[in-house]
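Colleague: The structure under discussion is supplied below as structure tokens; questions concerning it will follow.
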Amino acid sequence: MYVKTKLLSSLDKVFLDEEPTQPAWTSMSMLKGETSSFQWVATVDEGSVFEAVISVESPLKEYIRVYTVGHVPSQFPAYSHSDDNFLRRTPGLYPDVLFPCEDGVFNLMGGQWRGVWIEIDLPDDAPAGIFPIRLCVKSIYDPQYFAEEEFTLHVLEAVLPNQTLICTEWFHCDCLSVYYNIPVFSEQHWTLMRNYMENAAHYGANMILVPVFTPPLDTQVGGERPTVQLVDVNIVEDGYTFGFEKLDRYLDMAMNSGFSYFEISHLFTQWGAGHAPKIVAHKDGVEVKLFGWETNAGSSEYLYFLNTFLTELKTFLNKKGVLDHCRFHVSDEPSSLTIDSYARARNGVKDVLSDCCVMDALSDISFYHDGLVPCPIPALDHIEPFLSEGLSELWAYYCCGQTVDVSNRLMAMPSARNRILGWQLYKYNVKGFLHWGYNFWFTALSKKAINPYAVTDAGALLPSGDPFIVYPGDDGRPVPSIRQLVFFDALQDMRALQLLESFMSHEEVVAWLDAECGYPLTFSKYPHDSRWLLDSRQKLNQKIDRLISNAKL
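Take 4 as the starting number for the sequence shown in the working numbering and just add one per residue.
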């Protein structure tokens, strides 16, 4: 039997119908406390179809996980107005999902390039040194190996520092309930949420969306998402009372999973704060809908409710010891056309949130200049005007619309475009990053639920890769994607640059970084070559290693 194999980096996306031409990637260095990956890919004779099994032999085996690279369909890879920095723009199958391969068994098919993903997750106390990672592949029916490859890993003495960037990937509790067909806030639902929280935190998310009320996000006007309201509201004769038991449990679970920051869900509807979110309450033991699309954002009744609620919520969060780590939202992605309605909504809660951080994703700097959003979160392609404002807490985000010049992580994009973000965030001292889609498994505007293994583009309405970065596992645990792991690489690059900064000034690190690029790195001008990223990270590791060695002399 003919077989052809190759070792590749984590930045190389391999399509079933295209032989990879990227240079082989056979060695790298890592810091302790870091997670990194490489790939083994292969093709066999045309017409051959059989099960293979891969085994890993290495002194570091206990830190290694193996996944098979799965390919998922995309009807909508890219907008027509997007730039040319895409691998493909045609509908088809794209490499993305990483299926856990604990038994090492996977399929090889003739005429197709298939492979496995090798993830190395080093603890802070991992041994330093040079270690082989030997991959041995055989037919499940034949004890003889038909392919062997050896990768060399150099574990350095340095330990990757903790993440300082605040990173949120919006966590959609309702999508877990709907996909797994279990009641909201049932014990099964709490278990699912914990499993997914632990995954998100492991891969760099440290702020979590907290649905005190059902988040008014990605919802058709007049439509509703399933109720996932953590705060119980009771209508009483003289107003309202609030129960925070579920919220208390949610916060505890998030903190135990690794989250340190909490993003209170939006107080008004998306794209301009026109209405109240859906809020349900109990009156005389019966659940009733209290507010929703029929409630104007400026309603005196709603603003009274909101101020009463926020006063009690802040008291609860303060007693919990997390108020200083909370961020509040008014409305997501308001535009210049909705600045008046946003201002009315913002002013309605201005006093009660005067001592809190209010932040929203937006692109028009007028919201900041007018004092409406003290902590703006601009999109990467609109961030330039914000860079010169001297913001004490500069944030950034991207979503489906950022497809010209700037970083993003759509499926059809090269992985280098995903990973470059870490270098950019470091250079510009960005304090926080937001993305809306950790597990959004609905069509656009939440009109219906989807199977994310079959629909990756929100019903052919958003480019594949924008709505989610994890897939639902049959065991109630998330299945990661290439994009999730590469995005985490970007966050780790930022941490490695911060480690270098502990030996020199920020300006000196930036000067080195710009010299590596050959020009000043910006959010829209950066190397597109994956090999530049890989080689520059290795050079960065070498600089850190030398500086630590010299410090010991």
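Just so you know, even glycine gets a beta-carbon here, dropped at the ideal spot from N, CA and C.
Can you tell me whether E336 is buried or exposed, with buried defined as 16 or more other CB within 10 angstroms of its CB?
Modeller: Buried, since its Cβ has 16 or more Cβ neighbours within 10 Å.
Colleague: Whole angstroms is fine: what's the gap from V489's alpha carbon to L101's?
Modeller: For V489 and L101, the distance between alpha carbons rounds to 12 Å.
Colleague: Hey, out of P94, Y253, F445, F308, whose CA is closest to T222's CA?
Modeller: Here the closest residue by C-alpha is F445.
Colleague: Under a three-way DSSP split, which group does D99 fall into?
Modeller: Reduced to three states, the DSSP call for D99 is strand.
Colleague: In terms of residues, what are the limits of the alpha helix (DSSP H) holding A204?
Modeller: From DSSP, the alpha helix (DSSP H) with A204 extends over 190–205.
Colleague: With a cut-off of 8 Å, do at least 3 Cβ pairs link the region 377–387 to the region 339–355?
Modeller: Because the criterion of three Cβ pairs below 8 Å is not met, the region 377–387 and the region 339–355 do not touch.
Colleague: Beta-carbon within less than 7 Å of Y82's beta-carbon, same chain only, minus the 5 sequence neighbours each way: which residues are those?
Modeller: The answer, listed in chain order, is T406, P466.
Colleague: I'd like to check one pair, L503 with A543: are the Cβ atoms closer than 8 Å?
Modeller: Sequence check: residue 543 is Leu here, not Ala. In contact: L543 and L503 (Cβ atoms closer than 8 Å).
Colleague: Can you look up W398 in the DSSP assignment and give me helix, strand or coil?
Modeller: Strand.
Colleague: For the candidate residues G462, F308, I169, Y199, whose alpha-carbon lies nearest to that of I472?
Modeller: Ranking G462, F308, I169, Y199 by Cα distance to I472 puts Y199 first.
Colleague: Under 8 Å Cβ to Cβ from K16, same chain only, skipping five residues before and after it: list those, please.
Modeller: Taken in chain order, the residues that qualify are L90, Y97, P98, P417, S418, I485.
Colleague: Return the CA-CA distance between P94 and K555, expressed in angstroms with no decimal places.
Modeller: So the two alpha carbons sit approximately 55 Å from each other.
Colleague: Run the CB neighbour count on M31, radius 10 Å, all protein chains shown included, and call it buried at 16 or more, exposed below.
Modeller: So M31 ends up on the buried side.
Colleague: State the start and end residues of the unbroken beta strand (DSSP E) segment that holds F109.
Modeller: F109 -> beta strand (DSSP E) spans 108–112.
Colleague: On the criterion of 16 or more Cβ atoms from any shown chain inside 10 Å, does Y182 qualify as buried, or is it exposed?
Modeller: Answer is buried; the Cβ neighbour count reaches 16.
Colleague: Would you identify the three-state DSSP class for Q273, choosing helix, strand or coil?
Modeller: Three-state DSSP puts Q273 in coil, outside helix and strand.
Colleague: Can you check whether the CB of A493 is closer than 8 Å to the CB of N421?
Modeller: Yes, Cβ-Cβ distance for N421 and A493 is below 8 Å.
Colleague: If we cut at 8 Å on Cβ distances, does S410 have a partner in chain C?
Modeller: The displayed structure is made up of one protein chain only, and chain C is not part of it.
Colleague: Which two residues bound the contiguous beta strand (DSSP E) that contains S339?
Modeller: No beta strand (DSSP E) contains S339, which DSSP labels as neither H nor E.
Colleague: Are there three or more Cβ pairs, one per stretch, closer than 8 Å when the region 498–514 is compared with the region 378–397?
Modeller: Short answer: they don't touch.
Colleague: Determine the direct distance from the alpha carbon of F174 to that of G425, and round the result to whole angstroms.
Modeller: Approximately 22 Å between the Cα atoms of the pair.
Colleague: At what residue ranges does the region 216–282 contain a whole run of the beta strand (DSSP E), taking only runs of 3 or more?
Modeller: For the region 216–282, whole beta strand (DSSP E) runs of length 3 or above, ordered along the chain, are 235–239, 242–246, 264–267.
Colleague: Determine the DSSP secondary structure at V489, reduced to helix, strand or coil.
Modeller: In the structure shown, V489 sits in a helix (DSSP, three-state: H, G or I).
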